[in-house]
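Here is the structure we will look at, set down as structure tokens.
Chains as they are written, first to last, in this note's numbering: chain V, 263 to 689; chain E, 29 to 317.
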């Protein structure tokens, strides 16, 4: 064998020495720095993140990734989480519940994830909740909006492992109704997605607006299945009903297609009051560009022009520099999720699930979207998102929000039957 | 009420003709080569993306984009047929499906790598971008254009297959490969040509879709390919006449369904397909096996 390579004995020696050094390391090398006192946290901190990365909504996966990766880069450059490096692995959720469960199990059982994040569809979120309890890892939901996740699974069924950092259907249904009550429209109609999310939002919008303005009437509804590219027959239904106001929770590419086709059919000339709860998503605004009509009410889970604070403005500038994009709402929720984990782990002094859950409950997080409070009872983050009327701005190649109206979260977020400090956010 | 019925009809016609444009290439390839080409939806998607990209280089002239975009996809179709599909013709149908499905996944990822995962809003076509009032309600000019293009493509394909020497050769080769090659037809080359022509039809559908659906997304081919398959099955696999009629029926059915029986609109197509298959398992114009 000669001198060509290391012998088996050398290899063993090296191995024993390395193992010994690792074993002795923490004792021999004295921990220094701020985190010397928290030896309970052994890095790295691993976050398994899943989002839709294939099919027509693949763009959302990219937006999630931009936010999460940017947070990881910043956190690691600034010394990590409690001194430990943050690692993220991404997987495609394909928008299907079984795939989401498979990914979660892979993340925890095979990869050793400490925390999970992501999830775009409500169906996936609801299917994952019991799995999270079994795996005993925290899942921070960054996009799926169903209120059943927090009200039923977390509050009623006591699945404490699930949190949600984005706005729920309250924003799309209740807050829209608060906007609608001040408009002159009496009759309302909808074209919305033919699944859980669409039905829930329209139901919530009808109930809340019905209470706020008892003479409101709901005259037509048309439901578009997932993947609809031709909305013309749905638009015909609305034109036949000729309502004063129009509400739609169509989102992403389908909303872009819908707006274009409704515009061609002259719908926006006939119906003056239009509410699009997910219309302020960046993919929609960029996708429509100048084709987005003016004076349409739009909102989202976060909009980069709000709040006008140094924290948000700096972040938007950094984000634009890093990715050459304005942050989509899932970029913001993905980004803030990492900081929520950081703050909670550092406060708990541990990455142990139960300890981090107590740290997250009632925690206030300063984020680009403003201060978020994780309501203790149902783990829903309370924060505010603006509604606004579309208008052109020479600074941007797409329509932005003109007049901005903010419906306080404490007014429009459902109040499940509980009281306590977490339900009264410091807004 | 009249204006409603007219507009529901127009919406249905444009939907149907649009599906026909995509289904025609699928049907042709099945009729001649006997290949169920799952990747046809990918050719549609590539047609749209190439058309969109070329628009940028060609001074935003939609017609030039529509001319050259699908030609680029033809090169892709050529490679797929000549270097991959040709080797599975003699194998069982599942092999063809697996291979073409693999191409679907491949092309979806390729589009994401090249154009990014997000959706791209598409430009409008000068001259065809507006809408005209019909009975007091606007209808997009571009959709009228699609309603006109559909039958033109159908007549063109009929003339090509029934009236030309090339068409006769194709029909001969598809009904008896061995005899055709025995009398001197270069069957492999002919099949490649037909596949490339089918690819071109699919890519043209994609190019025309750019202003029609108004949006380009990775995976956009998967939604339309289902409709195209349904149409091909109802009409009788391989029958162009059947596919045309099938597309017309599906388009109108979905339009009327959405407007008047919204609860069941998703099932109507499949109920129709089931009914047709029970009554005529070979499809409306298919040949009995």
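By construction, the Cβ of each residue, glycine as well, lies at the ideal position given by its N, Cα and C atoms.
- Within the region 31-52 of chain E, 31, 32, 35, 36, 38, 39, 40, 42, 43 and 46 place their CB atoms closer than 9 angstroms to a CB of chain V, listed in sequence order.
- The beta-carbon of residue 130 (chain E) is placed no less than 8 angstroms from the nearest beta-carbon of chain V.
- In this structure, residue 517 (chain V) sits away from residue 537 (chain V), with a CB-CB distance that is not shorter than 8 angstroms.
- DSSP lists V:663 as the bridge partner or partners of residue 652 (chain V).
- Judged by DSSP in its simplified three-state form, residue 311 (chain V) adopts strand.
- CA-CA distance, residue 340 (chain V) to residue 140 (chain E), rounds to 32 angstroms.
- Taking every protein chain shown into account, the CB of residue 57 (chain E) has 16 or more other CB atoms within 10 angstroms, so this residue is buried.
- Along the region 202-223 of chain E, there is no position whose C-beta sits under 9 angstroms from a C-beta of chain V.
- Annotated three-state conformation of residue 513 (chain V) is coil, per DSSP.
- By the neighbour-count criterion, in which 16 or more other beta carbons inside 10 Å mark a residue as buried, residue 492 (chain V) falls on the buried side.
- Between residue 301 (chain E) and chain V, the shortest Cβ-Cβ separation is not below 8 angstroms.
- Scanning E:257, E:120, E:287 and E:50 for the CA closest to the CA of residue 228 (chain E) turns up E:50.
- For the pair residue 199 (chain E) and residue 189 (chain E), the Cα-to-Cα distance works out to about 7 angstroms.
- Listed along chain V, the residues sitting closer than 8 angstroms to residue 165 (chain E) by beta-carbon distance are 501, 527 and 528.
- By the beta-carbon neighbour count (other beta carbons within 10 angstroms, threshold 16), residue 245 (chain E) is buried.
- Using a Cβ-Cβ cut-off of 8 angstroms, residue 632 (chain V) is close to nothing in chain E; its nearest Cβ partner there is about 26 angstroms away.
- Between residue 132 (chain E) and residue 67 (chain E), the C-beta gap is smaller than 8 angstroms, which places the two residues in contact.
- With respect to residue 283 (chain E), residue 40 (chain E) sits close: the two C-beta atoms are nearer than 8 angstroms.
- Among the CB atoms of chain E, one or more fall inside 8 angstroms of the CB of residue 321 (chain V).
- If you look at residue 451 (chain V), you'll find it in the beta strand (DSSP E) that goes 449-455.
- Less than 8 angstroms divides the Cβ of residue 235 (chain E) from the Cβ of residue 75 (chain E).
- Pairwise C-beta distances place the region 387-395 of chain V out of contact with the region 611-628 of chain V, as fewer than three of them are shorter than 8 angstroms.
- Residue 422 (chain V) and residue 416 (chain V) have their C-alpha atoms roughly 6 angstroms apart.
- Per the C-alpha coordinates, the member of V:601, V:547 and V:620 positioned closest to residue 651 (chain V) is V:547.
- Taking each of V:621, V:463 and V:660 in turn and checking the Cα distance to residue 605 (chain V), the smallest one comes out for V:621.
- The beta-bridge partner set that DSSP reports for residue 165 (chain E) consists of E:162.
- Residue contact with chain V for residue 232 (chain E): absent (no Cβ-Cβ distance below 8 angstroms to any residue of chain V).
- In the three-state DSSP reduction, residue 310 (chain E) falls in the coil class, being neither helix nor strand.
- Counting only Cβ-Cβ distances below 7 angstroms, residue 241 (chain E) has contacts in chain V at 491 and 519, in chain order.
- Contact check for residue 169 (chain E) against residue 184 (chain E) fails: the beta carbons are separated by 8 angstroms or more.
- In the three-state reduction of the DSSP assignment, residue 646 (chain V) falls in the coil class, being assigned neither a helical nor a strand state.
- Relative to residue 382 (chain V), the option among V:321, V:437 and V:435 whose CA is nearest is V:321.
- Residue environment: residue 420 (chain V) is assigned as exposed (fewer than 16 neighbouring CB atoms within 10 Å of its CB, all protein chains considered).
- About 22 angstroms separates the CB atoms of residue 217 (chain E) and residue 52 (chain E); that is not less than 8 angstroms, and the two are not in contact.
- Under DSSP, residue 294 (chain E) forms no beta bridge with any residue.
- In this structure residue 149 (chain E) is buried. Its beta-carbon is surrounded by 16 or more other beta-carbon atoms within 10 angstroms.
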